[in-house]
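Below you'll find the structure, written out as structure tokens, and then a few comments.
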Amino acid sequence: MIVPFSHVLLLALFLFLMGAACAVARRNLIMILIGVEIMLNSAALVFVGASLRWEQLDGQVLVIFILTVAAAEVAVGLALIVSSHRRTGSVNADRYNLLRG
Amino acid sequence: MTLFGTIFYLLAFILVASTVLAITRRQAIHAVIYLIISFVATGMIFYLLGAPFLAALEVIVYAGAIMVLFLFIVMMLRITPSGGPRKAALAQWAPAIILGAGSLMIAAVMVFVDPATGHPLKTLRAGPAELGRFLFREYWFPVEIASFLLLIALVGTLYLGRQEKKPGKVQAKESL
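For the record, the sequence lines run as chains A and B. The working numbering applies: residue 249 is where the first sequence begins, and numbers increase by one. The working numbering applies: residue -1 is where the second sequence begins, and numbers increase by one.
Written out as structure tokens, the structure is:
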């Protein structure tokens, strides 16, 4: 017996909110990507907890896929950041206003 | 409180504290370092919740590979620290804060009211061999799709990362 399942859910909820706040409120593109990583991590935490709660392995398998998606997302996201930094010389999200009328 | 419970709350505290420190740093490189602590703590929670293979994967893939990638980019781009969070008007912040607090309250109520969540977790564990057998017996097709996803991400990264041809050089070649 470790802890109630609800405590794992609350921990993941706090982590997800922190990741969302980081992704919304920061201006640096790298910090926005870090916020997305924190959100994916909290989702993985919920899956592992639920896998133990119902004693099924499916949750742990889904965490492997979350890891895959996170790795792919981070590779493409960082390549996009490098590409846009090459074009504009900045990683500040507020600077990308070329389409502004 | 059992020993495992104490360890869980300790790890949860480390996790939340390092994540808060990570998202409030002004320098991206400090945020990355704090995030490594956060991911290692998550890996230990995975171990506590009976997933030793996922704990190893978390440390290897998240704290190792992904964070090293972030470090490379932070060092490569020479980013000047930007200012703090956006100084937007309260009229812009208010809806976000109200909706966020509302969803947080609903989520907390759901977590506490649902009878399935009060169930204490047992100390079980699923070894890597068991997990691998289950993965390739029941989920072999998603594994193939995931490998395609990685391949496509690799191709996309190569496409985005290639050097753009300078227009001057192209013109020089055309004039020859």
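Beta carbons are placed, not taken as given, at the ideal position from N, Cα and C, and that holds for glycine.
Span separating the alpha-carbon of residue i from that of residue j
i, j, result
"Arg123(B)", "Ala53(B)", "12 Å"
"Glu56(B)", "Glu136(B)", "22 Å"
"Leu326(A)", "Gly267(A)", "18 Å"
"Asn340(A)", "Val111(B)", "42 Å"
"Val153(B)", "Leu88(B)", "43 Å"
"Ala320(A)", "Phe51(B)", "20 Å"
"Arg348(A)", "Val330(A)", "22 Å"
"Phe6(B)", "Ile250(A)", "8 Å"
"Val38(B)", "Pro93(B)", "35 Å"
"Thr336(A)", "Arg160(B)", "16 Å"
"Leu133(B)", "Phe313(A)", "11 Å"
"Leu328(A)", "Ser338(A)", "12 Å"
"Ser101(B)", "Met108(B)", "10 Å"
"Leu258(A)", "Ala144(B)", "29 Å"
"Ala127(B)", "Asn345(A)", "51 Å"
"Thr316(A)", "Leu148(B)", "7 Å"
"Ala175(B)", "Phe262(A)", "The requested residue 175(B) is not part of the displayed model; chain B covers only -1 to 174."
Residues near residue i by beta carbon distance below 8 Å, same chain, minus five either side
i, result
"Arg23(B)", "Ala29 and Tyr32"
"Val322(A)", "Leu281 and Glu285"
"Leu47(B)", "Leu119"
"Ala260(A)", "Ser290, Ala291, Leu293, Val294 and Gly297"
"Ile27(B)", "Leu69, Val72 and Met73"
"Leu9(B)", "Ala39, Met42, Ile43 and Leu46"
First through last residue of the alpha helix (DSSP H) which encompasses residue i
i, result
"Ala327(A)", "Asp306 to Thr336"
"Pro113(B)", "Per DSSP, Pro113(B) belongs to no alpha helix (DSSP H) and is neither H nor E."
"Tyr176(B)", "The displayed coordinates of chain B run from -1 to 174. Any statement about residue 176(B) would go beyond what the structure contains."
"Trp138(B)", "Trp138 to Gly159"
"Met73(B)", "Met65 to Leu75"
"Pro50(B)", "Pro50 to Leu55"
"Tyr7(B)", "Leu1 to Thr22"
Helix, strand or coil at residue i [DSSP, three-state]
i, result
"Asn345(A)", "coil"
Per-residue contacts from residue i into chain D (C-beta, under 8 Å)
i, result
"Leu148(B)", "The structure shown contains no chain D; the protein chains it does contain are A and B."
Cut-off 7 Å between Cβ atoms - residues of its own chain near residue i, not counting five sequence neighbours on either side
i, result
"Thr155(B)", "none"
"Ile34(B)", "Ala61 and Met65"
"His333(A)", "Val339"
Near the ligand FAD: residue i beta-carbon under 7 Å from a heavy atom
i, result
"Ala20(B)", "In terms of ligand content, the structure shown is empty, and the ligand FAD therefore cannot be addressed."
Sequence-distant residues of the same chain with beta carbon closer than 6 Å to residue i, five excluded per side
i, result
"Val256(A)", "Gly297"
"Phe11(B)", "none"
Is the segment 34 to 52 of chain B touching the segment 292 to 311 of chain A, taking contact as three or more C-beta pairs under 8 Å?
-> Contact between the segment 34 to 52 of chain B and the segment 292 to 311 of chain A is present, with at least three C-beta pairs closer than 8 Å.
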